[in-house]
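Chains as they are written, first to last, in my numbering: chain G, 3 to 297; chain R, -12 to 271. Here is the structure we will look at.
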């Protein structure tokens, strides 16, 4: 279509203006990312230049009143919660997708997928509230104190499972039907078909879902803030309370000034870097799949 | 022997898959059931309209609903023109491998993955401080607009791309200018997709909490202008649950209202999407 536009369509001044205003709007949308990054850097700049990024790792603890800002406990908390939840959500999500495709009768499959979509639409603050009033007391009865890494992992699992399941579902649906028909014709059992054909051929889609889920788990704030206890420490076991980078920002931003504020923006930059890395990985994988399918 | 182990494997796999499905259904039903069980008895027209008293322990959520509505409206009024323009540009004026288009698409993909709390930091630094808007409904709405832009653009762009190429070629064959083609032919055909995009963006904006804590603020009075601080529904739930002892009953009812609103919005979006696909499949 762009091929024809220069030759066939009549060009008037207004067309020209219209195109340039669209270009400007697109530029403003595309430039937004740059603006966000610039402002995060701008706010972290005082700490980065006057004290240095290394101190965030080498200070002796998180004591904002004593000018000591060590982020490592929060980083370990964030990574443990995200990895723990992906460890649970990835198999559960993929098995759910398999359930919809191969095991469930059609009406059940439809409603199950609807339910997962609903789950994806529930706001994180509601998950956090439910975790706080239902899940945390259950864990406390089992092994005090209750608000813990475990509670965070369980709530995060519920939240990222829909992402993984829906992407896995879509990528399994894209598989050529002939693969499965051939497997059936060769007399392969259902699980053998899944294990040797479905999972290997859709692995890129499954990985994409996992990376996007991981990105979401790393950036999740409200639910984690409400169920994890927010104690600054390296957890020694799964029932210990933790504080994540996101929760730290949400808790302290309201009264942070000077270097304290700068460090919170640095943790925002760190989070953004991690998330960009995972989203780009997922995008590269997705690009590869579309390329492989069109070949 | 091999046959036996095969049977065991098959049965094991079937049990595992069904077990997974059940183990996910249980917490889901538990969550929804819990909200309904504790929230439904207090839900009334009075609760929806009344002012909150005693830090929200008593009374209703009237001003909070108004603030939420205002924040979401600011968000959509700002995001819609930018989103629509960008989507039009990406679908009608760039080829897939065009450098400029790819750059914009890439940055939007990354933007879609940025955690909401980071948008909150950005909003606080840019809208509240640099632009001097302070903790206000306007700052909150603008921050949310940045957040929903990627999802809005993607849905709208897809709805433009879904329009048959024949329509563009026929218009070109008739000598209709490109601007007229877009405004008079493509735009009306894409309206359902546009609506779906708006509704999805609206839902995402309404569910958001982290980006609003330090942009639109906590004040639970009735807002008098866009420059007032206003408390969104999601922040009300957070505040009642975490900072107000004895706030749980009202938090339950507020959560029920929020989830109910979001469900209605999503159902409406999928209803439009379904209707639209059946319309498009009709023989012409």
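The C-beta atom is built at its ideal place from N, Cα and C for all residues, glycine as well.
Ignore the nearest five residues each way along the sequence and tell me which others in residue i's own chain have a CB closer than 8 angstroms to its CB.
i                      : result
residue 254 of chain G : 66, 262 and 266
residue 215 of chain R : 123, 124, 206 and 208
residue 137 of chain G : 153, 156, 157 and 229
residue 59 of chain R  : 128, 131, 189, 192 and 193
residue 45 of chain G  : 263, 264 and 267
residue 255 of chain R : 186
residue 77 of chain G  : 247 and 272
Taking only three categories from DSSP, how would you classify residue i?
i                      : result
residue 231 of chain G : strand
residue 223 of chain R : helix
residue 65 of chain G  : strand
residue 40 of chain R  : strand
residue 3 of chain G   : In this predicted model, residue 3 of chain G has a pLDDT of only 47, less than 50, meaning its place in the structure is not dependable; the value taken from the coordinates is given anyway. Looking at residue 3 of chain G - three-state DSSP - the assignment turns out to be coil, as it is neither helix nor strand.
residue 110 of chain R : helix
residue 123 of chain R : coil
residue 78 of chain G  : helix
residue 18 of chain G  : helix
residue 188 of chain R : helix
residue 6 of chain R   : helix
residue 46 of chain R  : strand
residue 164 of chain R : coil
residue 264 of chain G : helix
residue 70 of chain G  : strand
residue 200 of chain R : coil
residue 244 of chain G : strand
residue 107 of chain G : coil
residue 150 of chain R : coil
Using only CA atoms, which one of the options lies nearest to residue i?
i                      : options                       : result
residue 252 of chain R : R/167, R/224, R/239 and R/191 : R/191
residue 161 of chain G : G/95, G/139 and G/249         : G/95
residue 257 of chain G : R/111, R/69 and R/90          : R/111
residue 238 of chain R : R/255, R/250, R/219 and R/256 : R/219
residue 133 of chain G : R/164, R/176, R/19 and R/167  : R/19
residue 247 of chain R : R/193, R/232, R/204 and R/143 : R/193
residue 93 of chain R  : G/186, G/129 and G/28         : G/28
residue 101 of chain G : G/167, G/150 and G/131        : G/167
residue 40 of chain G  : G/288, G/221, G/274 and G/135 : G/274
residue 234 of chain G : G/250, G/221 and G/225        : G/250
residue 4 of chain R   : G/16, G/19, G/98 and G/140    : G/98
residue 61 of chain R  : R/213, R/179 and R/166        : R/213
residue 221 of chain R : R/200, R/126, R/36 and R/153  : R/200
Cβ-heavy atom distance between residue i and the ligand HEM below 8 angstroms?
i                      : result
residue 245 of chain G : For the structure depicted, the ligand HEM is absent and the ligand set is empty, with no information on it obtainable.
Can you give me the Cβ contacts of residue i inside the same chain, cut-off strictly under 6 angstroms, excluding the 5 residues immediately before and after it?
i                      : result
residue 280 of chain G : 213, 216 and 217
residue 21 of chain G  : none
residue 229 of chain R : none
residue 288 of chain G : 210
residue 119 of chain R : none
Can you give me the Cβ contacts of residue i inside the same chain, cut-off strictly under 7 angstroms, excluding the 5 residues immediately before and after it?
i                      : result
residue 169 of chain G : 207, 210, 211 and 214
residue 197 of chain R : 103, 104 and 107
residue 316 of chain R : As shown, chain R starts at -12 and ends at 271. That puts residue 316 of chain R outside it, with no answer to give.
residue 277 of chain G : 217, 220 and 221
residue 133 of chain R : 106
Is it a yes or a no for the region 140 to 160 of chain G touching the region 80 to 90 of chain G, going by three-plus beta-carbon pairs under 8 angstroms? Cβ pair count under 8 angstroms is three or more, so yes.
Residues, ordered as in the chain, of the region 213 to 245 of chain R that lie near chain G by beta-carbon distance below 7 angstroms: 221, 224, 225, 228, 229, 235, 238, 242 and 245
Three or more C-beta pairs under 8 angstroms: does that hold for the region 7 to 21 of chain R against the region 116 to 127 of chain G? yes
Just by C-beta distance, which residues in the region 34 to 46 of chain G are closer than 8 angstroms to chain R? 34, 35, 36, 37, 38, 41, 42, 44 and 45
Check whether the region 138 to 153 of chain R and the region 67 to 86 of chain R are in contact - that is, three or more C-beta pairs closer than 8 angstroms. Verdict: yes, contact present.
Could you please tell me which residues of the region 233 to 251 of chain G, in chain order, have their CB closer than 7 angstroms to any CB of chain R? 248 and 251
Are at least three pairs of beta-carbons, each pair with one atom in the region 176 to 185 of chain G and one in the region 50 to 68 of chain G, less than 8 angstroms apart? no
Using a beta-carbon distance cut-off of less than 9 angstroms, what residues from the region 81 to 106 of chain R approach chain G? Near chain G, meaning a CB-to-CB distance below 9 angstroms, the residues of the region 81 to 106 of chain R are 81, 82, 85, 87, 88, 90, 91, 92, 93, 94, 95, 96, 97, 98, 99, 100, 101, 102, 103, 104, 105 and 106.
If you measure beta-carbon to beta-carbon, which residues of the region 181 to 205 of chain G are closer than 7 angstroms to chain R? 191, 192 and 193
Counting Cβ pairs, one atom from each stretch, are 3 or more of them under 8 angstroms apart for the region 176 to 189 of chain R and the region 124 to 140 of chain R? yes
Are three or more beta carbon pairs between the region 240 to 260 of chain R and the region 21 to 28 of chain R nearer than 8 angstroms? The region 21 to 28 of chain R and the region 240 to 260 of chain R touch, with three or more beta-carbon pairs separated by less than 8 angstroms.
For the region 185 to 205 of chain G against the region -11 to 2 of chain R, are there 3 or more C-beta pairs whose distance is under 8 angstroms? yes
Touch check for the region 96 to 106 of chain R and the region 33 to 42 of chain G: three-plus C-beta pairs under 8 angstroms? yes
Return the residues of the region 137 to 149 of chain R that lie within a Cβ-Cβ distance of less than 9 angstroms from chain G, sorted by chain order. So the close ones are 137 and 140.
The region 251 to 273 of chain G: which residues have C-beta closer than 8 angstroms to a C-beta of chain R, in chain order? 251, 252, 255, 256, 266, 267, 270 and 273
Report yes or no: do the region 75 to 84 of chain G and the region 236 to 249 of chain G share at least 3 C-beta pairs separated by less than 8 angstroms? Taking a cut-off of 8 angstroms on C-beta distances, the region 75 to 84 of chain G touches the region 236 to 249 of chain G, as three or more cross pairs fall below it.
Residues in the region 208 to 227 of chain G having any Cβ partner in chain R nearer than 9 angstroms: 214, 217, 218, 220, 221, 222, 223, 224 and 227
Taking any Cβ of chain R, which residues in the region 142 to 163 of chain G have a Cβ under 8 angstroms from it, in chain order? 160 and 163
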